[in-house]
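Asker:
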Amino acid sequence: MKYFLISLVLLISFAVSAEQDRYEFANDEQAQRFGELTKELRCPKCQNQNIADSDAVVAKDLRDKVLTLVQEGKSKDEVIDYMIDRYGYFVHYDPPVTPATLVLWVFPVLIVIFGLGFIVIRQRKAAVKQTWDEQDEALLAKLIAQNQRQEQS
Amino acid sequence: MNRKFLALLPLLAFILVCVFLYQGLFANPRELQTGRIGHTMPAFNLPDLMQDNKRWQQADLEGEVYILNVWGTWCPTCLAELGYLTKLREQGVKIVGLYYVQSYDADFDGAFDMAALREEVSSMLSRAGDPYQFNILDLERTLALDLGVSGAPETFLVDRKGTILLHHTGDINPRVWRAKFAPIMQELQP
Chain A
2 MKYFLISLVL LISFAVSAEQ DRYEFANDEQ AQRFGELTKE LRCPKCQNQN IADSDAVVAK
62 DLRDKVLTLV QEGKSKDEVI DYMIDRYGYF VHYDPPVTPA TLVLWVFPVL IVIFGLGFIV
122 IRQRKAAVKQ TWDEQDEALL AKLIAQNQRQ EQS
Chain B
6 MNRKFLALLP LLAFILVCVF LYQGLFANPR ELQTGRIGHT MPAFNLPDLM QDNKRWQQAD
66 LEGEVYILNV WGTWCPTCLA ELGYLTKLRE QGVKIVGLYY VQSYDADFDG AFDMAALREE
126 VSSMLSRAGD PYQFNILDLE RTLALDLGVS GAPETFLVDR KGTILLHHTG DINPRVWRAK
186 FAPIMQELQP
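Sequence lines, in order, name chains A and B.
For reference, each letter of the first sequence is one residue, going 2 to 154 in the working numbering.
For reference, each letter of the second sequence is one residue, going 6 to 195 in the working numbering.
1. Using a Cβ-Cβ cutoff of less than 8 Å, which residues in the same chain neighbour Val17 of chain A once the five nearest sequence positions on both sides are dropped?
2. Count the other CB atoms within 10 Å of the CB of Gln131 of chain A; is the residue buried (16 or more) or exposed (fewer)?
3. Who are the near neighbours of Ile141 of chain B in its chain, counting only those whose CB is closer than 6 Å to its CB and skipping five residues on each side?
4. Residues of chain B with CB closer than 8 Å to the CB of Arg87 of chain A, please, in chain order.
5. If you check the beta carbons only, do Met55 of chain B and Arg146 of chain B fall under 8 Å apart?
6. Per DSSP, what are the beta-bridge partners of Gly102 of chain B in this structure?
7. Spatial neighbours of Leu133 of chain B within its chain, please: C-beta separation below 7 Å, excluding the five flanking residues on both sides.
8. With a cut-off of 8 Å, does the C-beta of Pro109 of chain A fall near any C-beta of chain B?
9. Just checking, does the segment 147-154 of chain B make contact with the segment 83-90 of chain A on the three C-beta pairs under 8 Å criterion?
10. With DSSP as the reference, label Thr69 of chain A as helix, strand or coil.
11. To the nearest angstrom, how far is the alpha carbon of Ala157 of chain B from that of Leu16 of chain B?
12. Could you list which residues in chain B have their beta carbon closer than 9 Å to that of Lys75 of chain A, in chain order?
13. Alpha carbon to alpha carbon, what distance is there between Lys99 of chain B and Ala18 of chain B?
14. Using a Cβ-Cβ distance under 8 Å, would Gly156 of chain B count as near chain D?
15. To the nearest whole angstrom, what separates the beta carbons of Leu63 of chain A and Leu42 of chain A, a pair I think is in contact under 8 Å?
16. Quick one: grab the DSSP three-state call for Ile169 of chain B.
17. Determine the contact status of Leu93 of chain B and Pro47 of chain B, defining contact as a CB-CB distance below 8 Å.
18. In its own chain, which residues sit with a C-beta less than 7 Å from the C-beta of Leu162 of chain B, not counting the 5 before and 5 after it?
19. Please work out which residues of its chain come closer than 6 Å, Cβ to Cβ, to Thr45 of chain B, disregarding the five sequence neighbours upstream and downstream, and give them in chain order.
20. Is the Cβ-Cβ distance between Phe139 of chain B and Asp53 of chain B less than 8 Å?
21. In terms of residues, what are the limits of the alpha helix (DSSP H) holding Leu54 of chain B?
22. Do Leu68 of chain A and Tyr4 of chain A count as a contact pair if the criterion is CB distance below 8 Å?
23. In chain A, which residues lie less than 9 Å from Arg94 of chain B when you measure between Cβ atoms?
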């Protein structure tokens with residue numbers, strides 16, 4: 002248990018040191034904006050990494066550019082627009098709503114509505130009240146009796 | 006009827022997913038990078054690769070249709086396309102090189118070894134063919150960034166007014182030229 006705790010503490014301290022920044026900013030807000038942007042912008046070369054993650058030359062260039070722009074006091078949207086101007090919508094992990102991408106937003110909602118509708122219809126069918134009167138009771142008793150006789154014979 | 010349809014629904018969904026994934030096999034994710042198409046060439050002021058004291062600006066390139074080819078000696082695909090590009094030059098296509106320096110970092114490397122780079126470039130071009138009218142040296146990749154270049158080779162087609170009409174990622178070969186470049190070139194230079 003002791004060793005487990007020690008290794009846990011070590012792990013946590015590693016994670017913290019990895020988060021340390023080697024860039025310098027005028028204020029915390031800029032540092033935070035830089036962090037958010039490098040996580041949100043996509044590396045055009047290694048396409049499933051953001052530019053904070055990637056070691057490609059172009060990712061480093063983009064990182065440096067984001068740093069300069071942030072230090073100049075540009076807002077988050079301005080930096081994103083700057084990158085989209087050059088690398089297309091592709092460079093941002095949050096695609097805009099256009100006719101081509103509309104399906105990404107509409108399709109999941111449609112699926113959920115369809116599924117809910119399906120459940121509701123099934124529920125309604127199952128909840129239909131069934132009639133049960135003396136005649137049915139007598140028929141049931143007769144069938145049970147018949148069945149018992151067959152088993153005995 | 007309704008029952009049957011419901012029973013077929015999973016199969017239908019399966020087929021749809023299959024079609025979607027199958028066409029994904031042939032989609033080229035690098036085709037999407039088209040941020041600069043339709044814009045004019047960004048302004049720049051960069052040195053020539055081979056000559057001292059010679060600088061190139063955006064205005065120097067205007068007035069002619071040209072191909073801007075991003076390349077580097079470190080890039081094997083660039084070497085592979087030099088032969089075909091040289092053929093295109095012989096057919097009268099104006100090709101300008103944008104030399105993409107991959108390894109240089111001003112923060113770490115200090116002074117840049119220009120002589121070594123020039124030697125490397127001329128030895129490669131004399132072996133594989135020289136398609137370039139001249140080469141622009143983009144040491145810090147600023148023009149490359151403004152053009153939305155993600156690596157090499159990448160190729161742009163620019164018209165007389167300096168509008169970027171095409172941005173191709175990957176090598177130029179006869180197939181790519183016929184499919185993407187030739188139709189636009191024909192329109193521009195009948």
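Beta carbons are placed, not taken as given, at the ideal position from N, Cα and C, and that holds for glycine.
Values in this document were obtained by computation on a predicted structure and should not be read as measured data.
Answerer: According to the structure data:
1. Only weak support is given to the placement of Val17 of chain A: the predicted model assigns it a pLDDT of 48, under 50, and the value that follows is read from those uncertain coordinates. Cβ within range, chain order: n/a, list empty.
2. exposed
3. Leu51, Trp61, Leu103
4. Gly40, Arg41, Leu150, Asp151, Leu152, Gly153
5. no
6. B:Asn74, B:Asn140
7. One detail in the question is off: residue 133 of chain B reads as Ala in this sequence, not Leu. The answer, listed in chain order, is Leu84, Leu87, Gly88.
8. no
9. yes
10. helix
11. 44 Å
12. Within 9 Å Cβ-Cβ: nothing; Lys75 of chain A doesn't reach chain B, min ~15 Å.
13. 51 Å
14. Although the question refers to chain D, the structure presented lacks it and instead comprises the protein chains A and B.
15. 6 Å
16. strand
17. no
18. Ile72, Leu170, Leu171, Phe186, Ile189
19. Gly167, Thr168
20. yes
21. Careful: Leu54 of chain B lies outside any alpha helix (DSSP H) and carries neither H nor E.
22. no
23. What Arg94 of chain B touches in chain A: nothing, since even the nearest Cβ is about 28 Å away.
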